[in-house]
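This note's numbering numbers the first residue of the sequence shown as 10 and each following residue consecutively.
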Amino acid sequence: MSTPGPRTLAPADHPSWRRRRLDPDHSLGLRLTLAATAAFLVLVPFALLTLLVLGAWAPLHRLDATITDALHGHALDHPAWVALMRIWTEVFAPMPLRAVVLLVVIWLLRRGARRLALWVTTTMVVGGLIGPLLKLLVGRNRPELLDPVARAAGYSFPSGHALNATLAAGVLLLVLLPYAGRGVWRVVLWVAAVLLVVVTGLSRVALGVHFASDVLGGWLLGAAVVAATTAAFTSWRAHSGLRPVRPTRDGVAPEVERHPGAA
10 MSTPGPRTLA PADHPSWRRR RLDPDHSLGL RLTLAATAAF LVLVPFALLT LLVLGAWAPL
70 HRLDATITDA LHGHALDHPA WVALMRIWTE VFAPMPLRAV VLLVVIWLLR RGARRLALWV
130 TTTMVVGGLI GPLLKLLVGR NRPELLDPVA RAAGYSFPSG HALNATLAAG VLLLVLLPYA
190 GRGVWRVVLW VAAVLLVVVT GLSRVALGVH FASDVLGGWL LGAAVVAATT AAFTSWRAHS
250 GLRPVRPTRD GVAPEVERHP GAA
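Now the structure itself:
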């Protein structure tokens with residue numbers, strides 16, 4: 010009579026790392042993967058653009074020169090346009106935008122939303138430090154025009170105005186979306202954010218102090234920073250047991266609007 014051999018336990022059904030990342034039932038892994046992918050997809054074009062600028066790629070240089078010459082010619086013939094662009098570029102310069110964001114941070118702290126205030130601060134500080142560092146590393150000179158309508162100091166790539174406008178518009182949009190409801194104010198908020206980013210970048214090229222690729226670089230870098238910090242904040246939300254959100258639809262912390270101190 011034979012005795013049964015030692016019993017073995019059936020292997021536990023542990024899904025693979027890749028399956029956990031893409032499984033809707035594992036919301037944290039799925040959302041972190043999607044957020045990190047979004048940040049990566051924005052960062053890749055920025056890295057490619059940076060390499061083209063560093064390598065002085067001829068087609069990019071010709072495109073930049075063509076746009077700069079066309080807008081400079083328009084500026085010379087339209088002084089009112091130059092005055093408008095100067096006003097815009099001063100009002101929505103990095104320091105005024107940072108001051109507005111600081112007021113929002115103070116408001117959030119007074120509402121007890123410390124983590125949300127930390128996210129806003131981190132986004133602005135990280136982007137604000139990376140921009141000047143990249144300017145030094147790339148070392149691109151600004152456009153040289155025979156009859157400039159404006160002047161700016163420092164290196165050119167990426168545009169600090171475009172970068173900070175993207176950072177400020179991104180954090181303000183994602184903080185204020187829960188207060189906009191589902192109606193026309195949501196559209197107004199989105200339009201205001203887009204106009205802030207686009208017109209601020211345009212003003213720098215229109216005044217001849219940046220190439221178009223400088224502005225594009227600032228936009229891409231700003232979007233990458235906002236996407237990366239939003240992914241980190243979304244991770245904290247999931248670990249804290251808060252309901253999942255779609256930041257571009259709900260904002261990053263919709264519960265703060267009804268329950269101050271919840272984030």
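The C-beta atom is built at its ideal place from N, Cα and C for all residues, glycine as well.
None of these values were measured; they are calculated from a predicted model.
In this model, A84 and W97 are separated by some 15 Å (Cα to Cα).
Each residue's CA atom was taken as its position, placing A189 and L117 some 16 Å apart. With fewer than three CB-CB distances shorter than 8 Å, the stretch 199-215 does not count as touching the stretch 121-140.
Secondary structure note for H81: its alpha helix (DSSP H) is the uninterrupted segment A67 to D86. For the 8 Å CB-CB criterion, M133 and L176 form a contact.
The straight-line gap separating the alpha-carbon atoms of A236 and P88 is approximately 38 Å. Each of A201, A233, P68 and R213 was checked against the Cα of A161, and the nearest Cα belongs to R213. Under a 10 Å Cβ-count criterion, A215 is classified as buried, with 16 or more other Cβ atoms of the shown protein chains found around its own Cβ. Scanning its chain for C-beta atoms nearer than 8 Å, with the 5 sequence neighbours on each side dropped, one finds around T238 the residues W128, T131, T132 and V135, in chain order. With respect to the 8 Å criterion, L125 and V261 are classified as neighbours on the basis of their beta carbons. Contact check for L146 against H81 fails: the beta carbons are separated by 8 Å or more. Put simply, of S222, A232 and A201 the residue whose alpha carbon is nearest the alpha carbon of A67 is S222.
Annotation for A162: no alpha helix (DSSP H) segment contains it, and DSSP assigns it neither H nor E.
Its Cα nearest to that of N150, the residue V62 stands out among P187, L52, V62 and F55. Between the beta-carbon of G227 and that of G169 there is about 7 Å, and that keeps the pair under the 8 Å contact cut. With a contact defined as Cβ atoms closer than 8 Å, V91 and V200 miss out at about 25 Å. Here L106 is near A174, since their CB atoms are less than 8 Å apart.
In this structure, V224 is the residue among V224, V51, L93 and E99 with its C-alpha nearest to the C-alpha of S165. N173: member of the alpha helix (DSSP H) spanning G169 to L185, first to last residue.
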